[in-house]
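In my numbering, the protein residues as written are 87 to 334.
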């Protein structure tokens, strides 16, 4: 009888152990799979950002990229804005030198609903945001601040397309709609950027405050950054409008 009880006891321990290992092992496997999906989404959006950068720089009239949706959805939301203010200081600046330019940005969102993770492209920058965390800058925009020059290159995304979702792969197509040089002058003191109505204020601040940037942040909400180019600095402000379409 004691041998039977011992067998039952040992067998119960084995079954329980197998169940615990299976449950936690499956959960760990799901976490690993989810992390890999998120990393793939980041790499895909970063690659797409580089392709759109080619359109922005005039290297091509259009570019495409692919993203695996992994039960997520992708869409463009046109509510974020950027303001660029150029200050030519005292004296008698050239006509039109003291100017402010307001641009819509538009944001390309890829929401991984099962992971509470989103990866986005906004004005040349790629951000990753996980549940409960701050946005991480994956790739920065084309904002250049030097000792005697600055270049502010704005990207506006527009789209009439729907929001593809579910599984499978979506092809993202970006076509240049317009590129315009809004400002070019070599008698500038400062240029100031204000990012408005963006979900990624912390990400923008981190970008402006990174070690390889010369921008000075004066506000974090909304993010405001200034570049001092001296009394005779060269400043260029340009904007490219890119139309986004999706093919599933």
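For glycine and all other residues, C-beta sits at the position ideal for the given N, C-alpha and C.
task = Find out if the Cβ-Cβ distance for the pair residue 128, residue 260 is shorter than 8 angstroms.
result = No, these two residues do not count as a Cβ contact at 8 angstroms.
inquiry  = Just to confirm my understanding: we take residue 322, look at its own chain, exclude 5 residues before and 5 after, and list those with CB closer than 6 angstroms. What are they?
reply    = Result list for residue 322: 237, 270, in chain order.
Span separating the alpha-carbon of residue 115 from that of residue 156 = Note that residue 115 has pLDDT 45, beneath the 50 cutoff, so the model's placement of it is unreliable and the number below is only indicative. For residue 115 and residue 156, the distance between alpha carbons rounds to 16 angstroms.
request  = Give, in chain order, every unbroken run of the alpha helix (DSSP H) that is at least 4 residues long and sits entirely within the segment 252-299.
outcome  = Within the segment 252-299, the complete alpha helix (DSSP H) segments of 4 residues or longer fall at 287-294, listed in chain order.
request  = Taking residue 39 and residue 231 to be in contact with their CB atoms under 8 angstroms, please state how far apart those CB atoms are, rounded to whole angstroms.
outcome  = Look at the range of the chain in this structure, 87 to 334, and you will see that residue 39 is not part of it.
ask   = Do residue 151 and residue 133 have their CB atoms nearer than 8 angstroms?
value = Taking 8 angstroms as the cut-off, the beta carbon of residue 151 is found closer than this to the beta carbon of residue 133.
ask   = So which of 166, 131, 181, 191 has the shortest CA-CA distance to residue 326?
value = A check of alpha carbon separations from residue 326 across 166, 131, 181, 191 identifies 191 as the nearest.
query = When we look at the beta-carbon of residue 137 and count the other beta-carbons within 10 Å, is it buried (16 or more) or exposed?
reply = Buried, by the Cβ-count rule.
Endpoints, the beta strand (DSSP E) within which residue 222 is located = Counting along the chain, the beta strand (DSSP E) containing residue 222 begins and ends at 222-225.
message = Judging by CA-CA distance, which residue of 149, 169, 304, 244 is the nearest neighbour of residue 187?
response = Here the closest residue by C-alpha is 169.
task = Report the residue from 234, 204, 226, 265 whose alpha carbon sits nearest the alpha carbon of residue 285.
result = Comparing C-alpha distances from residue 285 to each of 234, 204, 226, 265 shows the shortest one belongs to 204.
ask   = So does the segment 248-259 actually touch the segment 208-220, counting three or more Cβ pairs closer than 8 angstroms?
value = No, because fewer than three Cβ pairs between the segment 248-259 and the segment 208-220 fall closer than 8 angstroms, the two stretches do not touch.
query = Buried or exposed: residue 296, going by 16 or more other Cβ atoms within 10 Å of its Cβ?
reply = Flag for residue 296 reads exposed.
key: Beta-carbon separation (whole angstroms), residue 258 vs residue 330, contact threshold 8 angstroms   = Taking 8 angstroms as the upper bound for CB-CB distance, residue 258 and residue 330 are in contact here, some 7 angstroms apart.
inquiry  = Would residue 194 and residue 162 qualify as a contact pair, given that the criterion is a beta-carbon distance under 8 angstroms?
reply    = Residue 162 sits close to residue 194, with the two beta carbons spaced by under 8 angstroms.
ask   = Which same chain residues, not among the five before or five after residue 147, have their C-beta less than 6 angstroms away from its C-beta?
value = By the criterion of a C-beta distance shorter than 6 angstroms, residue 147 is surrounded in its chain by 262, once the five residues flanking it on both sides are discounted.
inquiry  = Output needed for residue 208: all residues of its chain with C-beta closer than 7 angstroms, excluding positions within five of it in sequence on either side, in chain order.
reply    = Contacts found: 166, 191, 193, 284, 286.
task = Return the first residue and the last residue of the beta strand (DSSP E) that residue 204 is part of.
result = First-last of the beta strand (DSSP E) with residue 204: 203-208.
request  = In angstroms with no decimal places, state the Cα-to-Cα distance between residue 185 and residue 255.
outcome  = A straight-line Cα-Cα distance of about 44 angstroms links residue 185 and residue 255.
ask   = Which residue's Cα is closest to the Cα of residue 281: 320, 303, 159, 196?
value = Answer by Cα proximity: 303.
Distance, residue 334 Cα to residue 314 Cα = Answer to the nearest angstrom: the Cα atoms are 46 angstroms apart.
ask   = How is residue 163 classed by DSSP in three states: helix, strand or coil?
value = Strand at residue 163.
query = Which two residues bound the contiguous beta strand (DSSP E) that contains residue 231?
reply = First-last of the beta strand (DSSP E) with residue 231: 229-231.
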